[in-house]
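J.:
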Amino acid sequence: MKKTLVVFAHPYLEHSNSNAELINFYVRHQHFTLRDIYEEYPNFHIAAFRERKRIKNYDRFIFQFPLIWFGMPPLLKLWIDEVFDRDWLKEDHHNPLEGKEVYILVTTGGKERSFSKEGTYKFTVEELISGLIVSLNVFKANIKNIKIVYEANKLSKKEIIVHKQQFVELLNQ
């Protein structure tokens, strides 16, 4: 099994049954390391050197977060800004993201039809999180899948479990 780092960023986890259920999977499996960055960095002071050192030890990454005001949560954006190192792009430096599998799991309270050119918001979720996608592409990570859970705040426990099973199947491919 691939050693996987889950970078989880939810500023209001206590109000999110769907995210709480989805992260329960990681906790029960030893090859997943769950890092709740809002829990670890409540004052927004990222230990960038420690984080850079840590990510070198993983084969695969999962970024899981809710859409907050049509983008990534602010602490996740700050984590990326401080941890991703432009020196990794230089020939004589090791790039710990290059070729590594990356999965992105985004939850949103909005309806799927709202996130389209014709919908309420006029943008897709992928467009709204493009900063993360572009960053991963620049560092030559292998984005395997972007899973979006729409209307996450309205899902029944059974529907959340179905989403969790679908995500686990993606990880096992």
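Taken in order, the sequence shown gives residues 1 to 173; the numbers are from full-length UniProt numbering. The beta-carbon is built from N, C-alpha and C at its ideal position, and this holds for glycine as well. Being a predicted model, the structure only gives us computed values, none of them experimental.
Buried or exposed: which applies to Y12, given that a residue is buried once 16 or more other Cβ atoms fall within 10 Å of its Cβ?
T.: It counts as exposed.
J.: Are at least three pairs of beta-carbons, each pair with one atom in the segment 125 to 133 and one in the segment 38 to 55, less than 8 Å apart?
T.: Touching, no, given that fewer than three Cβ pairs across the two stretches are closer than 8 Å.
J.: What is the DSSP secondary structure of R28, reduced to helix, strand or coil?
T.: Of the three classes helix, strand and coil, the one that applies to R28 here is coil, per DSSP.
J.: Looking at chain C, is there any beta carbon in it that lies within less than 8 Å of the beta carbon of H163?
T.: The structure shown has no chain C; it contains just one protein chain.
J.: Could you check where the alpha helix (DSSP H) with P74 kicks off and where it finishes?
T.: Its alpha helix (DSSP H) spans residues 74 to 83.
J.: Under the DSSP definition of a beta bridge, which residues are partnered with K147?
T.: Beta-bridge pairing links K147 to L105.
J.: Going by DSSP, name the residue or residues bridged to F115.
T.: The partner list for F115 (beta bridge, DSSP) is empty, contrary to what the question assumes.
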